[in-house]
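Working notes, beginning with the structure itself.
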DNA sequence: AAGACGGGGCT
DNA sequence: AGCCCAGTCTT
């Protein structure tokens, strides 16, 4: 195992770590799981208040398992990717039914839950249960990519070599490894940032291969395409859901007024129905008379 | 391997 | 107008 980087990174984390509530020793495994789902593609500053409100309302998996999709979608508010809210509810149901209401500690069991992929399974195992696991999020990938491989940014999709590198650096002791994982993530979030890294504040700048190589540019820049927003299906979906968070039911004509392109709106509504983010209300003849958030 | 999937804040 | 954010799931 390579241990050269450990003292500097661990020492830096000891003095610079943010005081985030899900890092408290008192945080339940469930609260850690909720934080990890919310943090999938949503920044910390926006997650923190939502996380507090969510845990106050649904302190245990069994509490959330009893909620309706409409309730969780409204509570999710504008965190983005609302399918995460539905999957979190489904995960709560699975935990209640299959695991006696206790969040499982094995990565394999976590991975089997809805909405939990390789990152989140490893993160919950490490941060909630202090297990030794390879936590590979966007921060860790970027930090290790720069330090070890000398690249500006990691490839669009994770490579096996990245896991091998992370495993090679992972401390053998479980508790130490859990702290190492969060320390590297924190370094990526606060110092080794994607856009304008603060190398002057970096505890391992002297050991950074990217820095030593003179900061070569991102090799994969051409392959990263920025996602459009205005006029997209995603924006239309968001507009429909935003309206339904404040109204119990919308008539078809009210929904049509939400978006100028009727064909696109029809496609978007179909997608929302497929994703179970939306329910159509029909009269006795099967004619759609309205749309609602799913009650069950 | 590539595409879909939110929304906000910063440069 | 881009770019980025503690990713996951489907095709």
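Residue numbers (full-length UniProt numbering): 1 to 296. For every residue, glycine included, the Cβ atom is placed at its ideal position computed from N, Cα and C.
Sort out for me which residues DSSP pairs residue 250 with in a bridge. 291
Counting only the same chain and skipping the five closest in sequence on each side, list residues whose C-beta sits under 8 Å from that of residue 48. 20, 21
Nearest-angstrom Cα separation, counted from residue 204 out to residue 268: Cα to Cα, residue 268 sits roughly 48 Å from residue 204.
Measuring CB to CB, does residue 166 end up less than 8 Å from residue 182? no
Looking at C-alpha atoms only, which residue of 61, 67, 32, 66 is the closest neighbour of residue 51? Sorting 61, 67, 32, 66 by C-alpha distance to the C-alpha of residue 51 places 32 at the top.
Would you report the Cα separation of residue 256 and residue 81, rounded to the nearest angstrom? Residue 256 and residue 81: Cα-Cα distance of roughly 22 Å.
Pick from 55, 230, 177, 291: whose alpha carbon is nearest that of residue 244? 291 is the residue among 55, 230, 177, 291 whose C-alpha sits nearest the C-alpha of residue 244.
Taking the CB atoms as reference points, tell me whether residue 237 and residue 271 lie closer together than 8 Å. Yes, they are a contact pair.
What distance in whole Å lies between the Cβ atoms of residue 199 and residue 211, which are believed to be in contact at a cut-off of 8 Å? Indeed, because the Cβ distance is near 6 Å, the residues count as touching under 8 Å.
Using the Cα positions of residue 38 and residue 156, report the straight-line distance between them to the nearest angstrom. Each residue's Cα considered, the two are about 22 Å apart.
Please report how far the alpha carbon of residue 71 lies from the alpha carbon of residue 77, in whole angstroms. 10 Å
Residue 197: buried (16+ other C-beta within 10 angstroms of its C-beta) or exposed? By the Cβ-count criterion, residue 197 is buried, with 16 or more other Cβ atoms from all chains shown falling within 10 Å of its own Cβ.
Three or more beta-carbon pairs under 8 Å between the region 94-112 and the region 271-283, yes or no? no
Distance CB(residue 190)-CB(residue 16) smaller than 8 Å: yes
Give me whichever residues DSSP pairs with residue 279 in a beta bridge. Answer is 292, bridged to residue 279.
Per-residue burial, residue 288 [other beta carbons within 10 Å of its own, 16 or more giving buried]: exposed
Should the region 121-134 be called in touch with the region 89-97, which here means at least 3 C-beta pairs below 8 Å? No: fewer than three Cβ pairs fall under 8 Å.
Cutoff 6 Å; reference residue 121; Cβ partners in own chain excluding five residues on either side: 107, 110, 111
Rounded to the nearest angstrom, how far is the Cβ of residue 87 from that of residue 115, given a contact under 8 Å? 3 Å
For residue 218 and residue 153, believed in contact at Cβ under 8 Å, the rounded distance: 5 Å
How about residue 69 and residue 84: do their beta carbons lie closer than 8 Å? Cβ atoms of residue 69 and residue 84: not closer than 8 Å.
Option in 263, 280, 43 with minimal Cα separation from residue 138: 43
Cβ shell of residue 142 (< 7 Å), same chain only, five flanking positions each side left out: 153, 154, 188, 192, 194
By the 10 Å Cβ neighbour count, where 16 or more other Cβ atoms means buried, how is residue 45 classified, buried or exposed? Counting other Cβ atoms within 10 Å of its Cβ, residue 45 stays below 16 and is therefore classed as exposed.
Of the residues 75, 228, 148, 136, which one's Cα is nearest the Cα of residue 206? 148
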